[in-house]
Structures are given as C-alpha cells and as structure tokens.
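Number of protein chains: 2
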Amino acid sequence: MHSSATSNPTCNLCLFAPFCTSEEEILHTGRQASLAVKQYRKLNRNEVLCLPNNKFQNLYAIQKGTLKTYQVEADGRELIREFYFAGEILGYEAIYTGHYPFSAVAISETLICEIPYANFLKLLHSKPALQRRILYLISRQLNIGSYLVSTTAEQRLAAFLIELATRLHPAETRYAFLLPMSRQDIGNYLRLSAETISRVFSRLQKNKMILIDHKKINLLQPDKLKQVADGLWTSNKGNTVK
Amino acid sequence: MHSSATSNPTCNLCLFAPFCTSEEEILHTGRQASLAVKQYRKLNRNEVLCLPNNKFQNLYAIQKGTLKTYQVEADGRELIREFYFAGEILGYEAIYTGHYPFSAVAISETLICEIPYANFLKLLHSKPALQRRILYLISRQLNIGSYLVSTTAEQRLAAFLIELATRLHPAETRYAFLLPMSRQDIGNYLRLSAETISRVFSRLQKNKMILIDHKKINLLQPDKLKQVADGLWTSNKGNTVK
DNA sequence: CGTCCCGTTGACACATCTCAATCTCAGTGG
DNA sequence: CCACTGAGATTGAGATGTGTCAACGGGACG
C-alpha cells in the first residue's frame with residue numbers, strides 16, 4: 001500500500017488531490033472521513049462499481065487500474081460504451097439521466113475515489129480554475145472514441161490502439177503496453193467479433209506494424225498505424241496502397 | 001422578423017436569454033453590442049459555421065433550424081459526428097482541442113447565437129444554477145447517439161428516428177415531423193449507405209411502423225420502433241420475432 | 001417545360017459474423 | 001511435478017448483411 005494519497009503517481013495529476021482525504025488517514029482511522037471530497041476504494045477484477053438504474057450520487061476518479069462501462073442488449077450481447085483508465089473520471093453521463101445508464105465493472109485490480117456530486121458542484125463553483133479544467137476534461141470525453149465512426153475493422157482497431165497508447169498512462173504516451181482487456185471486450189467496444197479482432201491483429205503483425213503476444217503489444221510503427229486509422233492504408237487484400 | 005429575442009419560442013427555453021442582446025437591439029443599432037453575451041446570426045442552407053482547425057472562441061446556441069458537424073475521410077466520404085437542433089448548443093468538443101475538430105454547416109435556414117467562451121465561463125461562475133444546468137446539458141451530449149453502437153441498420157435507424165422525435169422540437173415530443181436532412185446525411189451519420197437508409201425506410205413502412213413520403217415522416221408505432229431499436233424485433237427476413 | 005438532384009430499387013461483390021475445431025496458457029488439485 | 005480443466009485466442013469455412021454500381025423515376029426549381 002502507498003503511504004499517502006499523494007504518493008501515488010496518479011494522485012499527483014489528480015485535480016482533486018488538494019481536497020482529498022489521504023489513504024493513510026482512512027486506513028489509520030479505520031473509517032472514511034465523512035467530509036472528504038474524495039474517498040478511497042478498491043475493486044477486484046470483475047467487481048461491479050455500479051449497475052444500470054443505480055441512483056447517481058458520485059463521480060469516480062480512477063486512481064489505478066481499468067474499468068469498462070457497458071449495457072446488455074436484448075439478445076444478450078454486451079456493448080461496451082467506454083473504457084476508463086487511471087487519471088480519468090467516470091460518471092458524467094449520469095448527471096443528465098439521474099442514474100447510471102450502464103454497468104461499470106473493473107477489468108483489473110482497480111483503485112477508485114468517490115466524488116459526491118454535491119461536493120463536486122461546490123468545489124467547481126469555489127475554484128474557477130478547477131471549473132475550467134473540468135470543462136476541459138468533459139470536452140475530452142466528447143472527443144474520445146470519435147473514430148468509432150470509421151467503417152472498416154482495421155481502421156477502428158488501429159485508431160483504438162493509438163488512443164490506448166495515449167490514455168493508458170496519464171500524461172505520457174507509450175507504444176509498448178499490456179492490453180488490460182480481452183479480445184472479446186475490444187470487439188464489444190469496436191462493434192466487431194472477437195474473431196475479427198484476432199484476425200486483424202494477425203494482419204497488422206504480418207505487416208510489421210505491431211508485435212503482439214497475448215496481452216503484450218508493441219506499436220512498432222505508430223505513424224503507419226495512424227495512416228491505417230485514417231484509411232490511407234489497408235492490408236485487407238495483401239498490402240496495397242489505396 | 002421577431003420583435004425581440006424572447007419572442008422567439010426557443011429563446012424562452014434558452015439558458016442565456018437573460019444575458020442576451022435582443023435582436024431588435026442589434027437590428028436598430030445596426031451593429032452588434034460588443035458586451036453582449038449572445039449574438040444573433042443567420043445561416044442559409046449549406047452555409048458554413050466553422051471549419052476544421054478554426055480557432056475555438058465561441059459556443060453556438062441554435063435558435064432555429066438544424067446544423068450538422070462532420071469530418072471528411074481520406075477517401076472523401078463525409079462522416080457526420082452530430083446533428084444540432086433548436087435549443088441545443090454546439091461546440092463543447094472544441095473546449096478540449098482548442099479548435100473545432102469538424103466542419104459545421106447549416107442544413108436548413110438556421111438562426112444561431114454566439115456565446116464567447118470567456119463570457120460563458122464568467123457567467124457559469126457567477127450563476128451556480130446556470131453551472132448545474134450546463135453540466136446537465138453537456139452530460140446529455142454524452143448520452144446522445146449512444147445507439148450508434150447497435151449492430152444492424154434497422155436498429156440504428158429506428159433509434160435515430162425515436163431520438164429525432166424527442167430532439168426536433170424543444171421540450172416536446174412529436175412523432176410526425178419533417179426530416180431536416182437527406183438520406184445521404186442520415187447514412188453518413190449512422191454509417192450506412194444512402195441506399196440502405198432507403199431500403200430500411202421501405203421495410204419499416206411495409207411493416208406499418210412508419211409512414212414516409214419524401215421528407216414527411218410519421219412514426220405510427222413508436223413503441224414497436226423502440227423494440228426494433230432494442231433488437232427485440234427484426235423484419236429482415238419477413239416479420240419474424242426473434 | 002426541361003433540368004437536375006434526390007430517392008428508390010435491383011444485381012452482384014465483399015467484409016464481417018457465425019459456427020466450429022484446435023491450441024495455449026493460467027490455475028488447481030492430485 | 002504433472003495432469004486436468006476451463007477460459008481465452010487463433011484460424012478456417014460457409015452464411016449473410018450491407019456496400020457498390022447502375023438504371024430508373026419523380027419532385028423541386030428555375
């Protein structure tokens with residue numbers, strides 16, 4: 001365990017750190033400080049954070065780990081709305097609906113911090129700089145996943161990988177990383193079958209754009225991947241330039 | 001022309017009406033009041049509001065009419081990111097990127113109001129109720145179009161039609177309306193070809209769920225359409241229940 | 001009244017899905 | 001330490017929904 005909230009590298013980047021009840025305070029007192037703007041909680045793999053129609057009360061800052069939000073279709077298929085990584089905030093959608101419009105589940109061991117929405121509003125109002133910053137981050141949410149509009153499987157997966165490289169580690173882009181989610185999860189997010197994800201991975205590897213070994217992935221040529229994402233390249237029928 | 005800003009029915013619902021320079025003030029003085037929080041502007045069909053990489057300065061409130069935002073793919077295809085109708089606010093995405101990440105074009109005669117972002121921030125800070133309301137509306141944006149994750153053409157189009165019924169007229173749902181956009185535009189938004197849109201319209205009409213005559217559309221059975229959207233019904237192979 | 005754009009419909013091509021078999025790897029217990 | 005097990009990943013073959021290309025038809029508008 002970390003000795004204090006701010007000793008966690010992600011916390012250093014967190015907007016709410018100044019208003020946060022430290023982990024050690026929680027651990028030592030054995031109870032959560034009721035006045036805390038932010039509270040610490042641990043989720044194991046596959047543990048549920050919230051369910052559809054749960055009443056909206058908190059936003060959640062992810063300190064470490066990964067979550068997915070999803071809804072289940074009538075036919076039983078799971079449609080992933082978004083992944084959330086360390087440093088990101090989950091729950092903005094619920095401000096409008098009044099309840100969480102999805103299930104949120106940890107896909108790896110995850111640490112989250114609760115931000116009661118009432119406190120969130122108070123803080124925003126008292127700190128203009130924080131308000132600007134939060135609008136900036138919500139605006140970012142509106143831009144995330146805009147590549148889902150792309151048509152081909154290759155385009156979407158390539159764009160997804162590039163985005164992962166920028167989102168997986170806060171304030172830093174790394175082109176070699178561990179995929180936190182399964183092929184099935186990626187498919188449920190990109191609206192492709194797990195088999196298609198697997199096949200496209202194989203194609204991209206054959207073209208030397210990536211190296212992939214189970215969860216370990218290395219984006220060898222991010223620039224070329226970007227071209228694939230933009231539809232400038234395709235390897236569907238041998239490596240042909242359009 | 002209207003005699004004042006608040007005489008326009010949409011203005012009555014607008015959050016910024018209290019801080020707005022009235023139309024008649026603008027018309028009578030012949031120049032736009034520089035201190036105005038909100039300014040009036042008219043766009044003809046196909047007139048451009050902003051282009052990709054234009055510097056972000058204003059949010060735009062739509063007073064009347066319809067706009068689309070889109071980006072052009074490498075292969076020349078136009079991908080529509082969102083439609084905007086009367087009472088909605090365009091431009092949140094640009095807060096993050098610092099420039100508009102899309103083209104915005106009127107698809108019918110449209111009246112818009114400019115909200116300089118600096119003024120927007122000041123207003124939000126001085127009016128906590130306005131701040132809450134704006135967060136509420138941005139949250140709504142995060143939920144709009146969530147049905148784009150659906151797999152089949154029928155599901156996406158049915159969900160689109162239902163959403164249109166609720167968004168087309170502020171604070172009121174109407175199941176008979178005029179489609180403001182072309183089949184091509186709908187296809188560019190739902191990631192389907194114009195031909196597919198046409199075919200699905202025909203199928204839905206054959207099943208008595210809608211009446212469609214060029215731009216005029218009537219959602220005869222919104223509840224059944226909702227079931228189609230949710231994947232509970234399909235008419236792909238004759239009208240079969242799954 | 002003619003032109004042109006938009007929408008409709010048909011035939012065929014193709015990307016992705018579905019179903020299925022096989023394989024690897026991690027975890028578990030003997 | 002090894003065998004067993006189950007979940008996830010890979011790969012193949014056939015099915016299918018949607019895209020593409022094309023022809024046709026009908027309003028809207030000048």
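So the sequences go chain by chain: A and B.
Numbered according to UniProt numbering, the first sequence terminates at residue 242, and the numbering increases by one at each position without gaps.
Numbered according to UniProt numbering, the second sequence terminates at residue 242, and the numbering increases by one at each position without gaps.
A virtual CB, placed ideally from N, CA and C, is assigned to each residue, including glycine.
From a predicted model like this one, the values you see are computed outputs, not experimental measurements.
Where residue i sits in the DSSP three-state scheme
{"i": "Y117 of chain A", "result": "helix"}
{"i": "H214 of chain B", "result": "coil"}
{"i": "S103 of chain B", "result": "strand"}
{"i": "L49 of chain B", "result": "strand"}
{"i": "F19 of chain A", "result": "helix"}
{"i": "K127 of chain A", "result": "coil"}
{"i": "E172 of chain A", "result": "strand"}
{"i": "N8 of chain B", "result": "coil"}
{"i": "N58 of chain A", "result": "strand"}
{"i": "I144 of chain A", "result": "coil"}
{"i": "L135 of chain A", "result": "helix"}
{"i": "L219 of chain A", "result": "strand"}
{"i": "L111 of chain A", "result": "strand"}
{"i": "L232 of chain B", "result": "coil"}
{"i": "L13 of chain A", "result": "helix"}
{"i": "S150 of chain B", "result": "coil"}
{"i": "S34 of chain A", "result": "Confidence in S34 of chain A is poor, its pLDDT being 43 and thus under 50, which makes the residue's placement unreliable; the coordinate value appears in the next sentence. Of the three classes helix, strand and coil, the one that applies to S34 of chain A here is coil, per DSSP."}
Neighbour flag for residue i against chain B, beta carbons, 8 Å
{"i": "A74 of chain A", "result": "yes"}
{"i": "S193 of chain A", "result": "no"}
{"i": "Q141 of chain A", "result": "yes"}
{"i": "residue 287 of chain A", "result": "No information on residue 287 of chain A is available, as it lies outside the stretch 1 to 242 that chain A covers here."}
{"i": "T66 of chain A", "result": "no"}
{"i": "Y96 of chain A", "result": "yes"}
{"i": "I62 of chain A", "result": "no"}
{"i": "R167 of chain A", "result": "no"}
{"i": "residue 275 of chain A", "result": "It is not possible to answer for residue 275 of chain A, since the shown part of chain A is limited to 1 through 242."}
Cβ-based burial, residue i [other Cβ within 10 Å; buried from 16]
{"i": "N58 of chain A", "result": "buried"}
{"i": "S126 of chain B", "result": "exposed"}
{"i": "S182 of chain A", "result": "exposed"}
{"i": "P18 of chain A", "result": "exposed"}
{"i": "V200 of chain A", "result": "buried"}
{"i": "A74 of chain A", "result": "exposed"}
{"i": "D185 of chain A", "result": "buried"}
{"i": "S139 of chain A", "result": "buried"}
{"i": "S34 of chain B", "result": "Any reading at S34 of chain B must be qualified, since the residue scores a pLDDT of 43, below 50, and its modelled position is unreliable; the value itself is stated next. So S34 of chain B ends up on the exposed side."}
{"i": "K208 of chain B", "result": "exposed"}
{"i": "N8 of chain A", "result": "buried"}
{"i": "A176 of chain B", "result": "exposed"}
{"i": "Y136 of chain A", "result": "exposed"}
{"i": "R133 of chain B", "result": "exposed"}
{"i": "G98 of chain A", "result": "exposed"}
{"i": "T10 of chain A", "result": "buried"}
{"i": "K68 of chain B", "result": "buried"}
{"i": "G145 of chain A", "result": "buried"}
Span of the beta strand (DSSP E), counted from its first residue to its last, around residue i
{"i": "E82 of chain A", "result": "78-85"}
{"i": "R203 of chain B", "result": "Taken as a continuous stretch (DSSP letters only), R203 of chain B belongs to no beta strand (DSSP E), being part of the alpha helix (DSSP H) at 194-206."}
{"i": "K42 of chain A", "result": "39-43"}
{"i": "Q71 of chain B", "result": "66-72"}
Residue i: first and last residue of the uninterrupted alpha helix (DSSP H) it sits in
{"i": "R156 of chain B", "result": "153-167"}
{"i": "V228 of chain A", "result": "222-229"}
{"i": "G187 of chain B", "result": "183-190"}
{"i": "Y92 of chain B", "result": "Premise fails: Y92 of chain B is in no alpha helix (DSSP H) and is neither H nor E."}
Residue-chain proximity (residue i, chain A), Cβ-Cβ < 8 Å
{"i": "P101 of chain B", "result": "yes"}
{"i": "E93 of chain B", "result": "yes"}
{"i": "D213 of chain B", "result": "no"}
{"i": "Y84 of chain B", "result": "no"}
{"i": "I197 of chain B", "result": "no"}
{"i": "G138 of chain B", "result": "Looking at the sequence shown, residue 138 of chain B is not Gly but Ile. Yes, I138 of chain B lies at the interface with chain A (some Cβ there is under 8 Å from its Cβ)."}
Chain-ordered residues of the segment 105-135 of chain A with a beta carbon less than 8 Å from chain B
L121, L124, H125, P128, Q131, R132, L135
Interface positions of the segment 142-153 of chain A facing chain B (Cβ-Cβ less than 9 Å), listed along the chain:
L142, N143, S146, L148, V149, S150, T151
Of all the residues that make up the segment 216-236 of chain A, which are near chain B by a beta-carbon distance shorter than 7 Å?
D230, G231, L232
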